Every structure is written in C-alpha cells, then in structure tokens.
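For the sequence shown, the working numbering begins at 160 and goes up steadily by one.
Reviewing the structure listed below.
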Amino acid sequence: MRPEVLNPLFVEATALEGVGPKLMKPLEKLGLTRVRDLAYHLPERFVTRRTVDDLDAVGEGEQVIIPLTPTEHRAPRNPGRGPYRVLAADDAGNICALTYFGRAAYTAKKLLPVGEKRWIAGRVDRYGDMLQIVHPDHVEKDASAHLARLNEPVYPLSEGLTQPRMAGLAAQALERLPELAEWIEPSQFEREGWPAWRDALVLAHKDENASARDRLAYDELLANSLALLLVRADGRRRKGQPLAGDGSLRAKLDLPFALTGAQTRSIAEIEGDLAQEAPMLRLLQGDVGAGKTVVALEAMLIANEAGKQAALLAPTEILARQHYETLRTMARPTGAEVALLTGRAKGREREGILMGLLDGSIDILVGTHAIFQDTVAYKDLGLVVIDEQHRFGVAQRLQLAAKGKRAPHTLAMTATPIPRTLTLAQYGEMDVSRLDELPPGRQAIDTRVVAQDRMEDVVAGVARHVGSGQQAYWVCPMVRDSEVADIAAAEARYAALKERFGDDVVMVHGQLKPEEKDTNMEAFASGRAKLLVATTVIEVGVDVPSSTLMVIEQAERFGLAQLHQLRGRVGRGADKSVCLLLRGNEMSETGRKRLALMRETQDGFRIAEEDLELRGGGELLGTRQSGDAAFRIANLEQVQRLLPAAHADARLLIEGSEEDGGWQSSSRGEAARQLLYLMERDWGVQLLRGG
Ligand code: ADP
Ligand code: MG
160 MRPEVLNPLF
170 VEATALEGVG
180 PKLMKPLEKL
190 GLTRVRDLAY
200 HLPERFVTRR
210 TVDDLDAVGE
220 GEQVIIPLTP
230 TEHRAPRNPG
240 RGPYRVLAAD
250 DAGNICALTY
260 FGRAAYTAKK
270 LLPVGEKRWI
280 AGRVDRYGDM
290 LQIVHPDHVE
300 KDASAHLARL
310 NEPVYPLSEG
320 LTQPRMAGLA
330 AQALERLPEL
340 AEWIEPSQFE
350 REGWPAWRDA
360 LVLAHKDENA
370 SARDRLAYDE
380 LLANSLALLL
390 VRADGRRRKG
400 QPLAGDGSLR
410 AKLDLPFALT
420 GAQTRSIAEI
430 EGDLAQEAPM
440 LRLLQGDVGA
450 GKTVVALEAM
460 LIANEAGKQA
470 ALLAPTEILA
480 RQHYETLRTM
490 ARPTGAEVAL
500 LTGRAKGRER
510 EGILMGLLDG
520 SIDILVGTHA
530 IFQDTVAYKD
540 LGLVVIDEQH
550 RFGVAQRLQL
560 AAKGKRAPHT
570 LAMTATPIPR
580 TLTLAQYGEM
590 DVSRLDELPP
600 GRQAIDTRVV
610 AQDRMEDVVA
620 GVARHVGSGQ
630 QAYWVCPMVR
640 DSEVADIAAA
650 EARYAALKER
660 FGDDVVMVHG
670 QLKPEEKDTN
680 MEAFASGRAK
690 LLVATTVIEV
700 GVDVPSSTLM
710 VIEQAERFGL
720 AQLHQLRGRV
730 GRGADKSVCL
740 LLRGNEMSET
750 GRKRLALMRE
760 TQDGFRIAEE
770 DLELRGGGEL
780 LGTRQSGDAA
790 FRIANLEQVQ
800 RLLPAAHADA
810 RLLIEGSEED
820 GGWQSSSRGE
830 AARQLLYLME
840 RDWGVQLLRG
850 G
C-alpha cells in the first residue's frame with residue numbers, strides 16, 4: 160500500500176485549478192495525469208531573453224522580447240498547406256514575420272490585430288532575406304507582463320499546451336508537495352550539500368540549478384537500484400524449470416547462412432542458462448543487423464524441444480508482424496507452430512489463437528503487449544523473449560513472468576549498444592551476451608556530411624535514387640524543444656517533397672493516429688511508397704532492406720546513439736547504402752565531433768562509449784535527444800557520475816538490514832519505501848509481499 164503521506168501527490172491532475180477534460184488530453188499525451196507527474200515534469204532548459212526595441216540590434220537565433228506592430232496578415236494560399244504569416248514592424252519600420260503552422264494560425268488571427276502594438280517574446284531567425292519568429296512564445300499587450308520572462312523555463316509540451324499553462328500547473332503542483340523524511344544516506348547527503356527533496360523540486364523548476372538536478376537524478380537512480388536489487392532478491396527465491404533441449408528441432412533448421420562466432424557463443428550461453436532451475440535473466444545486446452532474431456529462434460526451439468512454449472514480445476505492431484513472418488519462414492522445416500497475436504486480432508481468429516495456446520498446439524507466439532492480457536493463458540510457457548527491451552519497463556516483464564506455471568526464463572534483446580558502465584543502471588543484474596560481430600559480407604554505409612544549404616542537390620540526389628526504383632528515408636530535424644514545432648517543420652518538409660514526389664512520399668510522426676501511421680509505414684514497407692518522411696519515430700527497428708538512402712536533417716542536433724540507430728535503418732540489404740548527414744551552418748564543437756565520428760565508424764559499441772564522452776560536461780539539461788527512456792530525470796552524464804554511489808547506497812540499505820527485521824523497518828528504510836512509490840518503482844516493493 161502506498162504510504163499515506165504521498166496521497167496529495169497521487170491525486171488526479173484534474174484536482175488542480177483550471178484542469179478539465181479538455182486540458183487532460185494533451186497532458187495525458189505527455190503522461191502527466193497526476194500531481195506527481197506535473198511536479199516531476201522538469202523544464203528541458205531555460206530561455207534567457209533580452210529586451211530590445213530594434214530588430215536591427217537582434218542577432219540571428221537570439222531570444223528577445225520586442226515590441227512589434229502587425230502590418231499585414233498573410234494566409235497560406237491553400238488553407239492547411241504552408242504557414243500563416245503575420246508581418247510586423249518595429250518602431251524604426253523594420254519588418255519581421257511571425258510564422259504559425261497548423262492550428263496555431265487561429266491564435267495568430269486573434270492575438271495580432273493589425274495596427275496594434277504587441278510585446279512579442281520569441282526566437283528571431285532568418286527566413287530567406289526576412290527575419291522571422293516561428294510560433295512566438297508569448298504575445299502581450301504591455302511590457303510588464305514579460306518581466307518574469309527574462310529567464311523562463313521551457314517545458315516539453317504537446318499540442319494544446321502552452322508554456323505559461325505548463326508553468327502555472329507546475330506551480331500548483333509544487334504547492335502541494337508534502338514534507339518527506341530524507342532517504343539519502345546521511346553522510347552522502349551532507350558531503351554533496353544537496354537541497355532536501357521538496358526544495359530540490361522547487362529549485363529545479365526555477366532555474367538551472369545543478370545541485371537540485373543532481374539530487375533529483377540521484378533519487379531516481381537510488382529508486383531504480385533499490386527496485387532492481389529487490390527483483391534480484393525475489394528471483395533468487397523463485398523456482399523456474401530447467402529446459403534441456405535435445406537438439407532435435409534445431410537440427411532441422413535450414414539456415415541460408417552459417418552462424419557467426421558471436422551468435423554461436425550467445426546461443427551456448429543461453430542454452431547453459433536454460434538448463435538451470437533458476438530462471439534465466441539474460442540480455443542479448445547486438446547492434447542493428449547483428450542477427451539477434453536467429454539467436455532468439457534457437458532459444459525458443461530449445462524451449463520447444465523441452466516440451467514448453469515460447470513467446471516473443473515486440474514493441475510495435477509492425478515489428479511483431481515482421482518477426483512473425485521471419486520466424487515462421489525460418490522455423491518451417493522444424494514443424495514448430497508459430498502464431499501471431501496483436502491487439503488487432505478479433506473474434507474467431509483471436510479465439511483460435513487463445514485455444515492453441517491453451518492446448519499447446521502453438522509452440523511459439525509472437526505479439527505485442529496484447530500477449531500480456533489476462534485472457535491469454537498458456538499451456539506451459541517456458542521462455543519469454545523481449546525484443547527492444549528498453550521500450551518495456553521491468554514491470555511488464557514481471558507481469559509476463561507471472562504467466563508461467565513456474566517462472567519462465569527471460570531473454571531480453573536490445574539493439575542499443577550501451578557502454579558497459581551503463582548496463583548496470585538499465586538492466587540491473589541481468590547477465591549479458593554481446594553480439595559484437597556482424598554477419599560477413601555487410602557493406603559499409605557510405606556516410607557523408609553535407610551542408611544543409613545544398614538542399615537542392617540533396618533533393619535531386621533523392622530524386623535520382625527514387626527514380627532508379629530504390630527507396631529512401633528522410634528524417635526531419637528536432638527544431639526546437641517542442642514537439643509541435645518539430646512536427647510543423649516535418650509537415651512543411653513533407654509538403655515541399657510532396658510537390659516533387661507526389662504519391663511516392665508518405666509521412667509518419669508521433670501525432671498521427673496509430674492506424675494512419677501503420678498505413679503509411681505499410682505503404683513504404685511494401686514498396687508502394689518510395690520516400691518516407693519521418694520525425695524520429697522510425698528509430699525502432701523497421702526492416703525495409705530495399706531502402707538504401709537515409710537523409711538526416713540537422714544531424715548535428717541528434718545524439719550519437721540516435722544517429723547510429725537511424726543510420727542502421729539502411730545497409731540492410733545486399734546493395735550499397737548511403738547516409739547523408741545534413742548539417743546547419745552553425746555547429747557546436749560537440750556537433751562537429753559527432754558527425755566526424757559517424758563518418759569514421761559504424762561500430763555501435765564504440766559510438767556508445769564516445770557518445771558518453773562527448774556528453775561529458777555541458778549537456779546537463781536537454782535529455783530529450785538521448786533517446787533512452789530508462790530514466791526520466793537523470794541524464795547520461797548523471798547516470799555515469801552518480802550511479803555507483805546510488806547503487807552502493809541501495810545495497811547497503813537492503814543487505815545491511817537483512818538481520819534486523821528487513822530493510823523497511825529502519826526509519827531510513829521507511830523513507831526509501833516512500834521513494835520507491837514516489838518514483839514508481841513500487842513493483843520492487845510488491846514483490847516483497849510474497850516472500
Ligand atoms: P537484428 O539483430 O537487427 O535483429 P536480424 O536478426 O534482423 O538483426 O538480422 C539481420 C539480417 O541478417 C537478416 O536478414 C538475417 O537473416 C541476416 N543474418 C543473421 N545472421 C546471419 C549470419 N550469420 N550470416 C549472414 N546473414 C545473417
Ligand atoms: Mg531485430
């Protein structure tokens with residue numbers, strides 16, 4: 160049971176002033192449904208603005224507050240296509256365009272009547288030979304309203320939310336924070352000079368307070384380590400069932416290739432684990448294209464040979480289907496029965512699958528999270544394989560584990576090569592097999608860095624590529640720290656490319672309806688569409704081997720690990736692949752180094768290590784581009800710096816108190832239990848109840 164003192168944090172966000180069903184929608188999109196979530200929704204960064212009167216005095220890319228008078232409204236020629244622009248002048252008569260995409264145009268009409276002076280806060284950029292502010296952050300009738308905004312938090316938003324709204328909600332949430340007992344080890348707490356929990360949250364919303372951020376990151380790491388240690392302790396108590404395969408099914412496999420040394424080694428490691436009574440908890444790490452699927456198949460066949468079923472869980476519908484097709488084809492000679500279950504299966508089809516699982520006629524089930532549902536019962540589940548493990552929380556893994564008569568063995572797979580130092584944080588106490596050798600004959604991806612200015616050449620290159628019947632990806636940049644603006648930019652790019660490529664181009668991004676996304680993806684995967692324009696949603700394992708060109712706009716803004724993942728979408732077939740990294744004119748030193756490294760190597764593990772190096776100091780805020788969702792507060796640098804202490808702290812707390820009545824009996828233990836609930840790692844606590 161959740162400690163009562165936390166109750167005020169776990170009330171619905173609707174309890175806050177001004178939050179009704181309408182506002183809940185965008186909040187839900189960000190996962191902000193309770194007061195707690197709002198308090199922990201920290202600014203990504205802070206904007207420091209300068210007040211100016213004269214556009215001439217503004218540098219490109221500068222954040223300003225400036226009085227401007229709208230002179231003219233320019234609606235797009237075709238409504239819904241292209242942006243809505245309001246031209247506005249400063250006192251000297253210099254003109255600047257205020258540019259709005261999508262629905263924001265309606266706001267512009269109301270907020271910016273022609274001839275009336277307004278104080279505008281925003282980032283001034285160049286658009287052709289004009290200055291422009293895309294989606295001004297604030298528009299006010301008088302200057303005084305801006306006084307508090309010279310140093311303003313920037314929150315991650317979703318459509319329907321604004322920065323002031325978000326800031327208001329955060330302030331309300333912060334007012335409701337209870338006082339909590341300290342859970343950090345006292346000497347550690349003192350040495351670091353960190354603020355108390357409540358103060359740390361308040362400070363982190365106010366400015367770039369490194370100490371507050373560190374404290375909150377440490378909390379998250381501590382909670383994570385505690386929970387993982389509890390899971391491990393629980394795992395030791397559980398009994399699994401040893402699965403000894405006799406090799407009979409595997410012998411029938413008729414693979415068109417010989418396994419690599421790394422694959423053979425990994426399979427042997429897995430086979431060794433499966434033969435034990437203790438449930439396997441193993442992570443298979445291997446870069447995109449390293450050949451994880453066949454390793455998974457061999458593992459599942461071992462389970463089948465031992466008379467048990469196996470299930471493979473994929474993070475998306477598309478991936479589940481892809482796995483299903485591949486596995487079914489590969490497994491055919493063995494006679495193992497492979498089935499697919501996703502949320503889409505309905506009626507008879509679904510009944511049939513459920514029946515087959517129950518009576519044991521299905522040996523291998525492939526699916527999405529639909530295979531978690533309570534109505535899905537197995538005859539005898541022996542092994543669970545989880546693809547793209549980082550997409551799933553440990554909680555889901557445990558839920559699935561509970562399905563077996565006895566705890567099934569678990570093999571998790573990830574294509575995100577992470578540095579050794581971080582393996583512990585993300586995967587806790589799992590054993591690791593590494594596929595550090597690519598199958599032979601892979602061609603290197605020809606990676607080039609091209610100035611974004613040469614857009615016409617790039618488009619011409621894409622046209623030649625598509626013209627010769629090949630496919631290409633086009634990844635749009637993360638423009639600003641707002642999903643809305645990113646999508647606006649992607650839509651603008653899509654519209655431009657559509658003029659040139661017509662129906663050959665489709666688009667996917669995070670705000671499309673799932674069906675629409677699937678339809679577009681499907682059009683691309685089947686080859687009907689030649690060019691796929693996307694925000695970074697294509698990151699997770701889509702396999703379209705005939706795409707051999709990848710264009711990434713403003714590549715210097717992406718993290719290395721993410722660039723590597725994106726590039727991994729090409730180079731999957733026999734043909735030579737090209738990756739064009741478009742760079743802006745102004746690049747940070749880090750940006751330059753990132754792109755140089757991308758050109759130099761394709762070794763995911765090396766890229767992961769260097770990524771960590773490059774992130775080193777500087778990027779304290781801005782965790783968004785890291786692309787790894789294991790932690791919401793701690794960034795990579797903090798994980799590396801703070802994790803060892805947090806892990807030791809957790810271990811001390813749990814193991815040090817084993818004799819005298821369990822870790823929760825001390826007052827610090829009680830505080831730590833609150834932390835687990837607060838950080839939603841309470842599955843750790845839940846496990847303890849059984850034992
Ligand atoms: P990933 O690790 O990204 O899941 P896959 O399992 O999808 O990689 O494998 C990528 C491609 O490599 C597939 O087409 C697969 O058939 C092929 N492949 C896997 N192992 C080998 C091997 N040992 N030799 C040659 N090709 C292989
Ligand atoms: Mg894969």
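Positions of the beta carbon are idealized from the N, C-alpha and C atoms, including for glycine.
Here the structure is a predicted model, which means the values were calculated and not measured.
To the nearest angstrom, how far is it from the Cα of residue i to the Cα of residue j?
| i | j | result |
| --- | --- | --- |
| serine 826 | arginine 335 | 23 angstroms |
| glycine 781 | tyrosine 537 | For glycine 781, the pLDDT reaches just 30, beneath the cut-off of 50, and the residue's location in the model is therefore unreliable, although a value from the coordinates is still provided. Approximately 43 angstroms, taken between the alpha carbons. |
| alanine 251 | aspartate 212 | 9 angstroms |
| glycine 480 | glycine 399 | A small fix is needed here, since residue 480 is arginine in this sequence, not glycine. Cα to Cα, the separation comes out at about 29 angstroms. |
| threonine 210 | valine 223 | 6 angstroms |
| tyrosine 632 | methionine 709 | 5 angstroms |
| methionine 160 | arginine 374 | 26 angstroms |
| threonine 573 | valine 525 | 17 angstroms |
| arginine 391 | proline 345 | 26 angstroms |
| leucine 773 | asparagine 744 | 20 angstroms |
| leucine 423 | alanine 654 | Looking at the sequence provided, one finds threonine at residue 423 rather than leucine. Taking the straight line from one Cα to the other gives about 48 angstroms. |
| valine 194 | glutamine 823 | 26 angstroms |
| threonine 452 | leucine 442 | 13 angstroms |
| glutamine 799 | alanine 410 | 44 angstroms |
| alanine 622 | lysine 672 | 29 angstroms |
| glutamine 713 | glutamate 510 | 48 angstroms |
| alanine 216 | alanine 302 | 18 angstroms |
| arginine 659 | phenylalanine 683 | 17 angstroms |
Would residue i be called buried (16 or more neighbouring beta carbons within 10 Å of its own) or exposed?
| i | result |
| --- | --- |
| asparagine 383 | buried |
| leucine 270 | buried |
| asparagine 463 | buried |
| alanine 619 | exposed |
| serine 317 | buried |
| proline 492 | exposed |
| glutamine 797 | buried |
| valine 699 | Because valine 699 sits at a pLDDT of 48, beneath the cut-off of 50, its placement in the model cannot be relied upon, and the following sentence gives the value as read from the coordinates. When all chains shown are included, valine 699 counts as buried. |
| methionine 289 | exposed |
| serine 425 | buried |
| threonine 606 | buried |
| serine 736 | buried |
| arginine 350 | exposed |
| proline 567 | buried |
| proline 229 | buried |
| glutamate 715 | buried |
| threonine 207 | exposed |
| glutamate 311 | buried |
| asparagine 679 | buried |
| glutamate 814 | exposed |
| alanine 403 | exposed |
For residue i, collect the residues of the same chain with a Cβ closer than 7 angstroms to its Cβ; drop the 5 residues on either side in sequence, then sort them by chain order.
| i | result |
| --- | --- |
| serine 705 | Gln629, Gln630, Gly686, Gly732 |
| leucine 657 | Looking at the sequence provided, one finds lysine at residue 657 rather than leucine. So the list reads Val664, once near-sequence residues are dropped. |
| proline 598 | Phe416, Thr419, Gly450 |
| serine 407 | Glu464 |
| proline 295 | Leu257, Ile279, Ala280, Gly281 |
| valine 361 | Leu333 |
| glutamine 435 | Pro401 |
| methionine 746 | Glu715 |
For residue i, I'd like the list of residues in its chain whose CB is within less than 8 angstroms of its CB, leaving aside the five on either flank, ordered along the chain.
| i | result |
| --- | --- |
| alanine 267 | His232, Tyr243, Val245, Leu257, Tyr259 |
| arginine 262 | Glu318 |
Please tell me whether residue i has its Cβ less than 8 angstroms away from any Cβ of chain B.
| i | result |
| --- | --- |
| glycine 669 | Structure shown: chain B not included; a single protein chain is present. |
Using C-beta distances below 6 angstroms, list every residue in its chain close to residue i, excluding the 5 sequence neighbours before and after it, in chain order.
| i | result |
| --- | --- |
| glycine 851 | Because the chain spans 160 through 850 in this model, residue 851 falls outside it and cannot be assessed. |
| arginine 791 | none |
| lysine 689 | Val625, Gln630, Asp663 |
| leucine 309 | Arg208 |
**Study point:** Uninterrupted beta strand (DSSP E) stretches inside the segment 403-486 (no shorter than 3 residues)
**Key:** Secondary structure within the segment 403-486: the beta strand (DSSP E) runs of 3 or more consecutive residues, fully enclosed, are 440-445, 468-472 (chain order).
Practice item. With a floor of 3 residues, list each beta strand (DSSP E) that falls wholly inside the segment 635-709, ordered by position along the chain. Key: Segments of the beta strand (DSSP E) lying fully in the segment 635-709: 664-667, 690-693.
Exercise for review: Let me know the alpha helix (DSSP H) ranges lying completely inside the segment 314-394, each 4 residues or longer, listed in chain order.
Suggested key: You should have 322-334, 345-351, 356-365.
Point to revise | Every unbroken beta strand (DSSP E) inside the segment 263-293 [3 residues or more] | key: Residue ranges of uninterrupted beta strand (DSSP E) with 3 or more members, entirely inside the segment 263-293 and ordered along the chain, are 277-286, 289-293.
Check your understanding: What are the start and end residues of each continuous alpha helix (DSSP H) run of 4 or more residues lying completely inside the segment 495-541, in chain order?
Key -> Segments of the alpha helix (DSSP H) lying fully in the segment 495-541: 506-518.
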